[in-house]
Amino acid sequence: MTLATNSPDLLLAIRNRAHYTRGVSDDLLSPRPSTPAHDHLAGLNEEQRLAVETTEGPLLILAGAGTGKTRVLTTRFAHILLEGLAWPEQILAVTFTNKAAREMRERVSAILEKPVEGLWLGTFHSLCARMLRQHAPRLGLDRQFTILDADDQLRLLKQIMVAEKIDLKSAPPPQLLHHIQLWKDRALLPEDITAAHDVDFMNGRARHFYALYQTRLKELSACDFGDLMLHMVTIFRRYPEVLTQYHRRFRYILVDEYQDTNTIQYLWLRLLAKRDTQQPANIACVGDDDQSIYSWRGAEIANILRFEKDFPGAKVIRLERNYRSTPRILSAASGVIAHNEGRMGKTLRPGLEGEEGERISVINTPDSDDEARVVAETIRSLHGKNQSYGDMAILIRAGFQTRPFEESLMRSGIPYQVIGGMRFYERAEIRDGTAYMRALAHPADDLAFERIINVPKRGVGNIALSKLRQNARDRQLPLQATLQEQLAQGMIKGKAAATLSEFMACFDRARETLAKQGHVVAVEQLLEESGYLTMWREDQRSVEAAGRLDNLREMLRAIGEFATLEEFLEHIALVMDSDQLQNDTNRVSLMTLHAAKGLEFKTVFLPGWEEGLFPSQRSLDEGGQAALEEERRLAYVGLTRARERAFILHATSRRIYANWQDSIPSRFIDELPDEHVHVSEPTRKQNAAFGKSFWRRSQSSPASTTSFSRPLSVKKQIIVPLGATVKHSRFGEGVVLKADGERLTVNFEEAGMKTIMANFVEVVS
DNA sequence: TGGCTGTAAATTTTT
DNA sequence: TTTACAGCCA
1 MTLATNSPDL LLAIRNRAHY TRGVSDDLLS PRPSTPAHDH LAGLNEEQRL AVETTEGPLL
61 ILAGAGTGKT RVLTTRFAHI LLEGLAWPEQ ILAVTFTNKA AREMRERVSA ILEKPVEGLW
121 LGTFHSLCAR MLRQHAPRLG LDRQFTILDA DDQLRLLKQI MVAEKIDLKS APPPQLLHHI
181 QLWKDRALLP EDITAAHDVD FMNGRARHFY ALYQTRLKEL SACDFGDLML HMVTIFRRYP
241 EVLTQYHRRF RYILVDEYQD TNTIQYLWLR LLAKRDTQQP ANIACVGDDD QSIYSWRGAE
301 IANILRFEKD FPGAKVIRLE RNYRSTPRIL SAASGVIAHN EGRMGKTLRP GLEGEEGERI
361 SVINTPDSDD EARVVAETIR SLHGKNQSYG DMAILIRAGF QTRPFEESLM RSGIPYQVIG
421 GMRFYERAEI RDGTAYMRAL AHPADDLAFE RIINVPKRGV GNIALSKLRQ NARDRQLPLQ
481 ATLQEQLAQG MIKGKAAATL SEFMACFDRA RETLAKQGHV VAVEQLLEES GYLTMWREDQ
541 RSVEAAGRLD NLREMLRAIG EFATLEEFLE HIALVMDSDQ LQNDTNRVSL MTLHAAKGLE
601 FKTVFLPGWE EGLFPSQRSL DEGGQAALEE ERRLAYVGLT RARERAFILH ATSRRIYANW
661 QDSIPSRFID ELPDEHVHVS EPTRKQNAAF GKSFWRRSQS SPASTTSFSR PLSVKKQIIV
721 PLGATVKHSR FGEGVVLKAD GERLTVNFEE AGMKTIMANF VEVVS
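Encoded structure:
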């Protein structure tokens, strides 16, 4: 079961994004609405107040989990404006996510009791894009550059490698791309790469491909995400007058999540903050070294550790009073994180008077299915005690852990939402849709055009495409223009000739419409006439087709929120985040620990605390001690999400893909202070999860697996009799026609024939 | 060209 | 287990 059911909700989110209407509120910390001006400092504790009022000079605010970081940052922002220290356009405020930016904008407006205009507030990338739209010509780049997504990047790189006759197996393109990205994250241009940087991959040839890749990007007048930062830093370095212009503009700089900055973001900030004069910059960075969990994305925890050296005279303020969690949870989290060495040092203290709270429950289960079952049972029992589903979350280390939980939650009839995973703009239909738009708006955008030339099928295969590509390359023309020419000259034969002529005619007509009737009508017409919408309408086979059409319809509506196609495309490339969390929905949240940063729940379940999974063996193999510390920070992040209760689980045997693996409890469990832990005996309530249903368990011995070492658990198989009537959450009721183990073929009254896993249905009769 | 079949591989993913 | 992709044949 994927999120496909929820996709219209996701799509609704796009529209909201344009208006900045939503945000997460942590009630205790939110400023009370309708406070009169200058009351904005009321309710801040001493350190928070100091952090707000220390406006001049470099400042590092070390804000532990739940210490009111966001409140301090937004109040500080408002304070600067209210005190008349600067105009909104003189403040640069940088965040990592669009969600954080949106939230900050909303909260500042709330304090000021009016919308603030003219802010330079956004993510590193959106701010850089904004700057680069102005200065791109300095680097010989078109101001109208397109921003490529990850998929485009990979396709482009693959093409280059194929053209250079590289064996894609021995040198996987994703790995090469990763190397290039890491170089960009470190502000290294192709010419900066020396043999010393480039020894571990492709025999030192990687930099050659980096150079080719950059050249090709320029030819396409395109930027990838890394380029947005890289180009701006290059411009700042080469053209000091551009930098000076920004120095004059920005009087205050605010940076959120400083512990997650990578080298190039750090350089960008430093360039903007350091002036020629002796006067220190007014740069305030907020962060928590204990919550740095993105080193694998190039984040340099060193940036925060050496802040005082980078900005001499910097003040450091620690926010340690936690208003979120019970004292026990804080002590447990502190006990774990204390095992790390490279820390700034900081101890969370309870900010509110209150009970000590419950101990952390550590629960061992025989296997991963039992683990999921125990979690579902506990959720049900807590819900019976008046705890709302929305107050609970299951935080996992890796994506593959989701499945058993989805199954157990569904079986228990617990409403849940999966946060993260496939993001909105990653959906095939949305990417196709935007590719159509890009090809419409930018006839030279070859990557977009390639994506859609044969979607729906127009008889263009690999061979035809590579011929076209070759031809375009020879003539130095974009694909669209080349194709037009070839069609005009009758160089394309057979079925493809007619379909492609019609395809190109669609674009011509849509461009006319674009000029006359605006972009919404034009895009709709293009998707209609090109047969793209029809393709999904006629797709009877896939269950998702209807959802995809819904998504596309929502996308069309979303385009209307923007004045031009260009604006929409910029938005979808930069601002489209997976902001799926809706606090008002009464569902259990299931997400990775990474996705949980910044959120909080009354009850948190932390499954899979086993050596190898958490800490992840793979991380440890790659990063050694430093990686172990990062895993430990992840544990800390997980624990500190909980307000009242935390359950840690570990299974003796875990199914990973096909086979069972035995595992021992995570070392992080040993690191929890005993006095705050309660170890539960393994519970085995065989039938509880299934109630009075018709499920039967077969005792089929696990002959196919090698698990001599799993004496406690027997492979469970759900058997549904042929002819039984079953009920599915989406498809309604239907009759089982065929059963192949757990794989059922069901004829649903409404939805027709579907093949479906037994655990997704409930037996009715 | 495109559909079928067998094989290898499988973290985390703010933009 | 699922998924992606290369290689094969109609």
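Just so you know, my numbering puts 16 at position 16 of the first sequence, and the rest follows in order with no gaps. All residues carry an ideal CB built from backbone N, CA and C; glycine is no exception.
Going by beta carbons, I419 and A163 fall outside the 7 Å limit.
For Y252, the enclosing beta strand (DSSP E) stretches over residues 252-255. Under the DSSP assignment, I360 falls in the beta strand (DSSP E) whose first and last residues are 360-367. Rounded to the nearest whole angstrom, the CA to CA distance from F562 to A505 is 26 Å.
Just so you know, the alpha carbons of V520 and D289 end up roughly 46 Å apart. Runs of the beta strand (DSSP E) lying entirely within the region 405-482 and spanning at least 3 residues, in chain order: 416-418. DSSP links M392 through a beta bridge to T603. Three or more Cβ pairs closer than 8 Å define a contact, and the region 393-406 falls short of that threshold against the region 566-574. Straight through space, the alpha carbons of E630 and L305 are spaced by roughly 15 Å.
The region 612-662 contains, as complete beta strand (DSSP E) runs of 3+ residues, the segments 642-656, 659-662 (chain order). Under the three-pair Cβ rule at 8 Å, the region 227-238 counts as touching the region 134-142.
Runs of the alpha helix (DSSP H) spanning 4 or more residues and lying entirely within the region 290-362 occur at 301-305, 307-310, 327-337, in chain order. Per DSSP, the continuous beta strand (DSSP E) segment holding T95 begins and ends at 91-95. Under the DSSP assignment, H179 falls in the alpha helix (DSSP H) whose first and last residues are 173-185. Just so you know, the alpha carbons of I91 and Q484 end up roughly 49 Å apart. Going by DSSP, A63 is part of the beta strand (DSSP E) stretching over 59-63. Look at G118 here: in three-state DSSP terms it is coil, with no helix or strand label. Beta-bridge partners assigned by DSSP to P665: E610.
One Cα belongs to S666, the other to L599, and the distance between them is close to 24 Å.
For the pair I414 and D391, the Cα-to-Cα distance works out to about 13 Å.
Annotation: the region 190-256 contains the following complete segments of the beta strand (DSSP E) (minimum length 3 residues), in chain order: 252-255.
Residue nearest to R632 within the set Q617, E89, I253 is Q617 (criterion: CA-CA distance). Under the 10 Å beta carbon count, K69 is surrounded by 16 or more other beta carbons and is classified as buried.
As computed with DSSP, I147 is found in a beta bridge with C223. Counting along the chain, the unbroken alpha helix (DSSP H) around I572 starts and ends at 565-574. Setting aside the 5 residues that flank it on each side, Q387 is surrounded in the same chain by K602, T603, each with a C-beta closer than 8 Å to its C-beta; the list follows chain order. Bridge partners of A284 according to DSSP: L59, L254. Ranked by Cα distance from Q486, the first of L468, R655, Q144 is L468.
In the three-state DSSP reduction, N262 falls in the strand class (E or B). Annotated as proximal: V286 and D256, with beta-carbon spacing under 7 Å.
Using a 10 angstroms sphere on the CB of A51, the tally of other CB atoms reaches 16 or more, which defines it as buried. Shortest Cα-Cα distance from R587 to any of L82, H678, Y416 involves Y416. Here the region 351-369 does not lie against the region 301-319, with fewer than 3 beta-carbon pairs under 8 Å apart. Residue E610 holds the alpha-carbon nearest to the alpha-carbon of R654 among N98, A63, E610. Taking Q489 as reference, the option from Q214, K495, S501 with the minimal CA-CA separation is S501. Distance from the CA atom of I337 to the CA atom of A93, rounded to whole angstroms, is 30 Å.
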